[in-house]
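S.K.:
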Amino acid sequence: QKSIKLTYVLIFSILVFSLVLSGCSAEATPDETTKSVETTESTNTPTNSNLFFEAKETKIILHEPAPEVLEQLGKETSYFEAESCAFEGIDKTYSYPGFDLMTYPTDGTDFISAIILRDDSVTTPEGLYIGADESEIEALHGSEYSSDKPGVYVYEQAKSKLQIIAKDGVIISIEYLAITD
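In structure tokens, the structure reads:
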């Protein structure tokens, strides 16, 4: 059982690394790197309704500035950074129990680009977790998703997407990804 979990974590890590590298395939133009999301003061919810994840009573919204969120989450368990391929500056990955939070730089500020769930210790706000039965995806997240192959469910909202992957009827990957054009 432990080796299966380790295998899933390894596969997941490779998937995340490939996503980071895929950003290197196209150069961003200056117009693409200056986009930001407006928020409303009363709810801290973006006006364009990007997807979000909650951890430690902190709402983490894709494309939102990262500094306040990172402060609320506290000290990460590990940290990784690399020169950004799509933006000017450094892409950063902060690991917390059960999930990774990734950022991209724009105009001297880091913004949230991805939230990668790593194990069953965390869930989506709707209650979905790694290891759950594939049938729970539609029950919890609805049937309005796109899919280019069996077992892959992609829910898009504004400039963000929630990608869920299932294999043999079991969820093996849950990722919140910012769409950066």
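First residue of the sequence shown? That's 106 in my numbering, and the numbers climb one at a time after it.
Don't be surprised by glycine CBs; every beta carbon is placed ideally from N, CA and C.
Could you work out which residue in L175, P230 and K180 is closest to D215 when comparing CA atoms only?
M.R.: Taking the sequence shown and counting its residues from 1, the one referred to as residue 215 is at position 110. Comparing Cα positions, the closest option is L175.
S.K.: Are there three or more Cβ pairs, one per stretch, closer than 8 Å when the segment 207-224 is compared with the segment 187-198?
M.R.: yes
S.K.: The alpha helix (DSSP H) spanning P172 covers which residue range?
M.R.: The residue labelled residue 172 in the question sits at position 67 within the sequence shown. Run containing P172: A171 to L178, per the alpha helix (DSSP H) assignment.
S.K.: Using C-beta distances below 6 Å, list every residue in its chain close to Q177, excluding the 5 sequence neighbours before and after it, in chain order.
M.R.: The residue given as residue 177 occupies position 72 in the sequence shown. Within the same chain, Q177 has close Cβ partners T163.
S.K.: Who are the near neighbours of A171 in its chain, counting only those whose CB is closer than 7 Å to its CB and skipping five residues on each side?
M.R.: Walking along the sequence shown from the start, residue 171 turns up at place 66. Closer than 7 Å at the Cβ level, and outside the excluded window around A171, lie T208, D215, F216 and I217.
S.K.: Thinking C-alpha only, which one of I166, P255, D273 and F204 is nearest I279?
M.R.: The count along the sequence shown starts at 1 and reaches residue 279 at position 174. Of the candidates I166, P255, D273 and F204, the one whose C-alpha sits nearest the C-alpha of I279 is F204.
S.K.: Output the distance between the C-alpha atoms of A263 and L167, rounded to the nearest integer angstrom.
M.R.: The sequence position of residue 263 within the sequence shown is 158, counting from 1. The sequence position of residue 167 within the sequence shown is 62, counting from 1. Distance between the alpha carbons of A263 and L167 is about 10 Å.
S.K.: With burial defined as no fewer than 16 other Cβ atoms inside 10 Å of the residue's Cβ, what is the status of I195: buried or exposed?
M.R.: Position 90 of the sequence shown holds residue 195. Exposed, because fewer than 16 other Cβ atoms sit within 10 Å of the Cβ of I195.
S.K.: Beta strand (DSSP E) containing L156: first to last residue?
M.R.: As a first step, residue 156 must be located in the sequence shown, where it is residue number 51. From DSSP, L156 is part of no beta strand (DSSP E); its letter is neither H nor E.
S.K.: Using only the alpha-carbon positions, how far apart do A271 and I235 sit?
M.R.: The sequence position of residue 271 within the sequence shown is 166, counting from 1. The sequence position of residue 235 within the sequence shown is 130, counting from 1. Those two C-alpha atoms are separated by around 9 Å.
S.K.: Round the Cβ separation of Y201 and Y184 to the nearest angstrom and send it over; I've been treating them as touching at under 8 Å.
M.R.: Here residue 201 refers to the residue found at position 96 when the sequence shown is read from its first residue. Here residue 184 refers to the residue found at position 79 when the sequence shown is read from its first residue. At roughly 11 Å, the Cβ-Cβ gap does not stay under 8 Å, so Y201 and Y184 are not in contact.
S.K.: In terms of DSSP beta bridges, what is I217 paired with?
M.R.: One-based indexing of the sequence shown puts residue 217 at position 112. Its beta-bridge partners are T208.
S.K.: In the DSSP output, what is L222 paired with across the bridge?
M.R.: Position 117 of the sequence shown holds residue 222. Partner(s): F204 and I279.
S.K.: For my contact list, I276 and A244 are in at a C-beta cut-off of 8 Å; report their separation, rounded to the angstrom.
M.R.: In the sequence shown, the residue the question calls residue 276 occupies position 171. In the sequence shown, the residue the question calls residue 244 occupies position 139. Wrong, their Cβ atoms sit about 12 Å apart, outside the cutoff.
S.K.: Please confirm whether I284 and I220 have their CB atoms less than 8 Å apart.
M.R.: The residue labelled residue 284 in the question sits at position 179 within the sequence shown. The residue labelled residue 220 in the question sits at position 115 within the sequence shown. No, the pair does not count as a contact, with Cβ atoms beyond the cut-off.
S.K.: Considering only residues of the same chain and omitting the five flanking positions on each side of Y281, which have a CB-CB separation below 7 Å?
M.R.: The residue labelled residue 281 in the question sits at position 176 within the sequence shown. The answer, listed in chain order, is L156, F158, L167, A219, I220, S265 and L267.
S.K.: Helix, strand or coil: how does DSSP classify E241 here?
M.R.: Within the sequence shown, the letter at position 136 stands for residue 241. The answer is helix: DSSP assigns E241 an H, G or I state.
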